[in-house]
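In the working numbering, the protein residues as written are 88 to 289. Note that beta-carbon positions come from the ideal geometry of N, C-alpha and C, so glycine has one too. This one's a predicted model, so the numbers in the text were calculated from it and none came from an experiment.
Here's what the structure looks like:
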């Protein structure tokens, strides 16, 4: 069983260093910690009385790991989900906030579970996830990863400025798609031809 800290360290490694892309809704980000997260938590890391880009630059990998575990794993209750789902939902929670849980809830509804799509891991969502995991123990993680990939693609469909996160400059799979597929068995990855067909209208 993979430790949550190991998962968090992998997320930090996946996120990389400081970026401040004007098209990224997260704004200035370092190791996956956004300026919005620092402001929401009131983390004035340089002690100058405000939370700005300078504070983002001070985020260390160790601080990012601690923040992710406390606020993106423990607080939303990801530990209550079946083991097979935890790493991918945690990774998506860091990347997309409560949309991570909404994606899961929509998937569970598609699988016939009665669950509200509210982005909250409550008793109903836990019970539905456990039932789905029992029904499809070898497929639930892949199904969630595929749902993640679909979310990213639909987001890029709707918002052209975000397409660079789903498709690389060279035209191949972008960071979002590779990130989702890191949690999907290789046999369910989109082939290059399938990917090109999916994004051909962009």
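Per-residue burial, residue i [other beta carbons within 10 Å of its own, 16 or more giving buried]
| i | result |
| --- | --- |
| residue 143 | buried |
| residue 276 | buried |
| residue 287 | exposed |
| residue 140 | exposed |
| residue 252 | buried |
| residue 203 | exposed |
Beta carbon of residue i nearer than 8 Å to that of residue j
| i | j | result |
| --- | --- | --- |
| residue 213 | residue 172 | no |
| residue 240 | residue 215 | no |
| residue 118 | residue 146 | yes |
| residue 159 | residue 188 | no |
| residue 279 | residue 261 | no |
| residue 231 | residue 191 | yes |
| residue 248 | residue 110 | yes |
| residue 126 | residue 138 | yes |
| residue 250 | residue 257 | no |
| residue 254 | residue 175 | no |
Collapsed DSSP secondary structure at residue i in the structure displayed
| i | result |
| --- | --- |
| residue 181 | helix |
| residue 124 | helix |
| residue 166 | helix |
| residue 143 | helix |
| residue 314 | Lying before the first or after the last residue shown, residue 314 is absent from the chain, which here runs from 88 to 289. |
Rounded Cβ spacing between residue i and residue j (contact assumed at less than 8 Å)
| i | j | result |
| --- | --- | --- |
| residue 218 | residue 156 | Incorrect: roughly 27 Å between the Cβ atoms, too far for contact. |
| residue 206 | residue 186 | 7 Å |
Residue ranges of each alpha helix (DSSP H) within the segment 174–260, 4 or longer = Listed in chain order, they are 186–197, 210–222, 227–245 and 250–253.
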